[in-house]
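What follows is a single structure, written as structure tokens, with notes after it.
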Amino acid sequence: MRPSFFHHLHPPAIPAAQARWRHTLGAGGTAVFLMLLLGVTGILEMFYYVPNPEEAALSVQTLTYHVPFGGFIRNLHYWSAQLLLIVSAVHLLRVIFTAAYKYPRRFNYLLGLGLFVLAVMLDFTGYILRWDQGICWPLTTGTNLIKTIPLIGGFLFRLAVGGGDACQTALTRFYTWHIFALTLPVVVLGVWHAFRVRRDGGIATPPARLFLDRTRIPRDELVRREAAAMFIVGILLILLSVFFPAPIAPAMIDKPSLNAETRAPWFFLWVQQMLKWGDPFIFGVLIPLGILTLLALIPYIFPQPADSDIGRWFPKSNRLAQVVVTVIAIFVIILTLINT
Ligand code: HEM
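Numbered by the working numbering, the letters in the sequence shown go through residues 9 to 348 in order.
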């Protein structure tokens, strides 16, 4: 077959071990596919979305109920965003559990973590763009947390929201954050992350002297596997979009009614649960940032995995990192379930 542009994005041949499903779980590639889909469906939504507080929720309703395929496109965008968080968390776990973060990949690990944080922020700002009655409580609580940061909290709050009462003023800022100021860094970090995967020698395996499997597969085969993964994820997204529409509540023209939603979006339910324990700065800012810092430091301060263990699942030499990440994951999942 004559190689296409898509083929040329790959090296002519790669070691077979680097392309096995059971090694990568296909999670990084699926995250790329979801990001592309988010870009396309997001641009289509922009043709109808009106970013001003009086019309935003109504424009989402018009898009959903009156524009041909508008509801379907919105559902695809919504479900791709939710799946992206899950898939990138799975990717992060696989990178830790296969010790793939070891030098020379530790900088790329940080780029990946940056992508994950940006994906969470994009999901939150996108959720606020609905501007229905359900978003006022999470928006107020979330942005008030920023204010609790000593010294720079007030400045960061104004930067994020624009000042004043978030439920009246934040839409313009959040729109700009969502479609430009967060999306552009995602594109830059995403391209950089992909470039570093190739620059660091492809997916992590032990050095050649310790690794005897010399089998290679051509890029045709790699592209075929990627297309199969995209097809399966595409079918899943279509099914979710057809049977489970993205939520929308009545428009937030005035202050929301008393029975409006007071629940954080699902990916922040664990933080909402911790906020019930006391000081908002400690439980809403310090602990989440502490967890993020701990994750970022794993390749730098934790015991280094043995060369022969790189790319192997659950090796002994990085047990400490596995235990720490498993404890964090269980902590977040349990708090989320308690608050569901
Ligand atoms: C959120 C968006 C992300 C995208 C689109 C993405 C994309 C990718 C892709 C396509 C690969 C190569 C194939 C694969 O390993 O499946 C990869 C590898 C890698 N990613 Fe990510 N990634 C993301 C997030 C992360 C996160 C959260 C981390 C860790 C904190 C991370 C760390 C790494 C590392 C260290 C590699 C090299 C792995 C190896 O050599 O085995 N990435 N990423």
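Positions of the beta carbon are idealized from the N, C-alpha and C atoms, including for glycine.
Comparing the CB of residue i with every heavy atom of the ligand HEM, is any distance shorter than 6 Å?
i      : result
Ser88  : no
Ser96  : yes
Leu164 : no
Val68  : no
Thr32  : yes
Ile211 : yes
Gly122 : no
Leu100 : yes
Just confirm the distance between the C-beta atoms of residue i and residue j, as a whole number of angstroms; I'd bet it's less than 8 Å.
i      : j      : result
Phe291 : Leu283 : 5 Å
Arg233 : Ala27  : 7 Å
Ala25  : His31  : 7 Å
Quick one: what's residue i bridged to in DSSP?
i      : result
Asp140 : Ala259
Arg224 : Pro23
Where does the unbroken alpha helix (DSSP H) through residue i begin, and where does it stop?
i      : result
Ala336 : The displayed chain sequence assigns Ile, not Ala, to residue 336. Per DSSP, Ile336 belongs to the alpha helix (DSSP H) from 327 to 346.
Ala21  : Looking at the DSSP string, Ala21 is not in any alpha helix (DSSP H); the run it does join, the beta strand (DSSP E), is 21 to 23.
Leu66  : 64 to 73
Leu305 : 295 to 309
Glu269 : Premise fails: Glu269 is in no alpha helix (DSSP H) and is neither H nor E.
Ile104 : 78 to 105
Ala168 : 161 to 169
Phe13  : 13 to 16
Pro215 : Looking at the DSSP string, Pro215 is not in any alpha helix (DSSP H), and its letter there is neither H nor E.
Gln176 : 174 to 184
Kindly list the residues whose CB is nearer than 6 Å to the CB of residue i, restricted to its own chain and excluding five residues on each side of it in sequence; keep chain order.
i      : result
Phe289 : Thr156
Leu197 : Leu119, Gly122, Leu123
Ala174 : Leu147, Thr148, Thr151
Ile346 : Gln281
Gly36  : His99
Ala272 : Pro146, Gln280
Tyr86  : Ala254
I'd like the list of long-range same chain contacts for residue i, defined as Cβ closer than 7 Å, with 5 residues on each side in sequence excluded.
i      : result
Val128 : Leu93, Phe275
Thr70  : Tyr56
Val340 : Trp278
Tyr117 : Val103, Tyr109, Pro307
By Cβ distance below 8 Å, which residues in the same chain neighbour residue i in space, the five residues on each side in sequence not counted?
i      : result
Asp140 : Ala65, Val68, Ile256, Ala257, Pro258, Ala259, Met260
Looking at the ligand NAP, does it come within less than 6 Å of residue i, judged from the CB to the closest heavy atom?
i      : result
Arg233 : Absence of the ligand NAP from the depicted structure is noted, with the ligand HEM being the only ligands included.
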